[in-house]
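So the structure is just underneath, and the comments pick up after that.
Residue numbers (my numbering): 16 to 132.
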């Protein structure tokens, strides 16, 4: 991949349980904080349309709308369970992450555009 294609600043966010003992919500549970973990340069690609054809409904591939690729060492700990991406005010839920051939060069993040997080 050509690093010159990395021209979109994306934000990587994470939900983290509060560490304060007195930070409890009205249900008696610890509050969840939304934390900006990193800002990285990435390549953004639209992945809708063709992936939807011939796929069973409600599969990970049928939900994928965009793929972001960035340098692995910028934020290697991204996971679908706890992270999401924000770009130009739009939130993208992480569906799965691919470190091709375990080379640790680029991280490919397959996402689904959403309205909230």
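Even for Gly, the Cβ is constructed at its ideal location relative to N, Cα and C. All values derive from a computational prediction rather than experimental measurement.
Asked: Proximity below 8 Å, CB of residue 55 to CB of residue 85; Found: yes
Asked: Candidates 52, 35, 91, 42: closest to residue 119 by CA position; Found: 91
Asked: Assumed close pair residue 94, residue 128 - CB separation to whole angstroms, cut-off 8 Å; Found: Rounded, the Cβ-Cβ distance is 19 Å, inconsistent with contact.
Asked: For residue 95: DSSP bridge partner residues; Found: For residue 95, which the question treats as bridged, DSSP gives no partner whatsoever.
Asked: Residues near residue 99 in its chain [Cβ-Cβ closer than 7 Å; skip 5 each side]; Found: 28, 106, 107, 108, 109, 132
Asked: Strand pairing of residue 126, partner residues [DSSP]; Found: 81, 109
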